Amino acid sequence: MGKFGVKEKNLEGQMVVDFAKRMDMAVVNTYFQKREEHRVTYKSGGRRTQVDYILCRRGNLKEISDCKVVVRESVARQHRMVVCRMTLMVSKKKRSKIEKKTKWWKLKMEECCEEFRQKLRQALGGQVVLPIDWETTAELIRETGRKVLGVSSGRRKEDKETWWWNEEVQDSIQRKRLAKKKWDMDRTEEKRQEYKELQRRVKREVSKAKQKAYDELYTRLDTREGEKDLYKLARQRDQDGKELLRIEMEGCSQVRRVYRGDGRSTLRSKGMRKMRGKKE
């Protein structure tokens with residue numbers, strides 16, 4: 150409680166003060182020296198008192214710069230508006246760092262695969278037999294892969310459906326972004342038309358690339374290799390759904406519930422195993 154509140158205090162006012170003390174809070178209205186008209190929150194007839202308050206934690210009181218009653222602004226009958234000005238520090242969310250990975254998936258492309266073979270032979274000095282030291286060989290393979298295939302950006306993956314992108318689509322989008330920057334710098338009709346034309350062109354190329362990618366996907370699913378990938382994905386999804394581990398506390402012991410393939414659940418706790426409703 151500050152020293153600039155209304156002096157008269159009744160039972161309800163004392164309850165507010167006691168609550169603030171118990172919860173280690175501050176009555177913000179009473180910490181700023183104001184004229185009486187900027188402190189009175191309730192006025193009716195000849196009665197003028199302070200019945201509306203703003204509370205905050207005492208540790209946050211330093212962030213508040215002002216608090217007063219707005220004269221001639223009423224929220225309800227006889228009640229005036231209490232406003233508070235504060236400064237809040239917004240902390241930036243730290244992005245999790247992601248390790249840059251070699252794009253080994255490019256080895257599925259014949260050109261990249263052939264270039265990788267040639268570069269690796271050159272790195273090994275044209276030897277047919279690999280060196281005895283496996284660490285040296287593995288490091289040469291990784292280094293050659295990074296140079297030939299490239300590495301990921303290390304940025305956080307966004308939830309976007311961009312698996313079907315190709316180089317043409319990426320180049321078109323890059324040109325569209327550059328056109329947008331030029332239009333932002335020079336707001337002329339010529340720059341605007343150039344940006345709109347590139348925007349329409351990108352939409353057409355994206356539609357074609359997506360259709361081509363889906364056609365290739367359906368064609369691959371008809372092959373034996375694609376069928377294996379599909380079954381593998383289905384089994385993994387089924388496994389993830391059934392092998393759900395949930396940690397529970399039963400008394401003072403830690404209990405792990407494992408969902409088995411038949412749909413039943415098993416409880417395990419420090420060597421103890423029991424089924425729900427009956428012992429094993």
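Numbering (the numbering used here), first residue to last: 150 to 429. Backbone N, C-alpha and C define an ideal beta-carbon position, used for all residues, glycine too. Please read these numbers as outputs of a predicted model, since none were measured by experiment.
- Nearest to valine 166 by alpha-carbon distance, out of Leu204, Leu237 and Arg196, is Leu204.
- Of the other Cβ atoms in all chains shown, fewer than 16 fall within 10 Å of the Cβ of phenylalanine 153; this residue is therefore exposed.
- Distance between aspartate 335 and glutamine 342, taken at the CA atoms: about 12 angstroms.
- Contact between valine 189 and threonine 198 holds: CB atoms are separated by about 7 angstroms, below the 8 angstroms threshold.
- For the pair serine 214 and methionine 238, the CB atoms are not nearer than the 8 angstroms cut-off.
- The closest CA to that of glutamine 323, considering only Arg350, Lys359 and Gln182, is found on Arg350.
- Beta-bridge partners of cysteine 233 (DSSP): Cys216.
- For tyrosine 367, the enclosing alpha helix (DSSP H) has its first and last residue at 338-370.
- Spanning the alpha carbons of tyrosine 344 and serine 302 requires a straight line of approximately 27 angstroms.
- Nearest C-alpha to arginine 206 among Thr286, Tyr380 and Lys170: Lys170.
- Residue state for valine 300 is assigned as strand, using DSSP reduced to three classes.
- Distances from the CA of glutamine 163 to each of Val219, Arg369, Trp254 and Val200 were compared; the closest alpha carbon is that of Val200.
- Judged by DSSP secondary structure, valine 165 falls within the alpha helix (DSSP H) whose first and last residues are 160-171.
- Counting along the chain, the unbroken beta strand (DSSP E) around leucine 204 starts and ends at 204-206.
- Assigned with DSSP and collapsed to three states, lysine 192 falls in strand.
- Secondary structure at methionine 334: helix, using DSSP grouped into helix, strand and coil.
- Our two residues, valine 220 and alanine 328, have alpha carbons roughly 52 angstroms apart in a direct line.
- Gln227 is the residue among Gln227, Lys330, Leu298 and Glu288 whose C-alpha sits nearest the C-alpha of arginine 196.
- Each of Glu259, Tyr363, Lys257 and Thr286 was checked against the Cα of glutamine 271, and the nearest Cα belongs to Thr286.
- In the DSSP assignment, valine 176 falls within the unbroken beta strand (DSSP E) covering 174-176.
- Residues Leu269 of the same chain have their beta carbon placed closer than 7 angstroms to that of isoleucine 290, with the five preceding and five following residues left out of the count.
- With fewer than 16 other Cβ atoms inside 10 Å of its own Cβ, alanine 225 counts as exposed.
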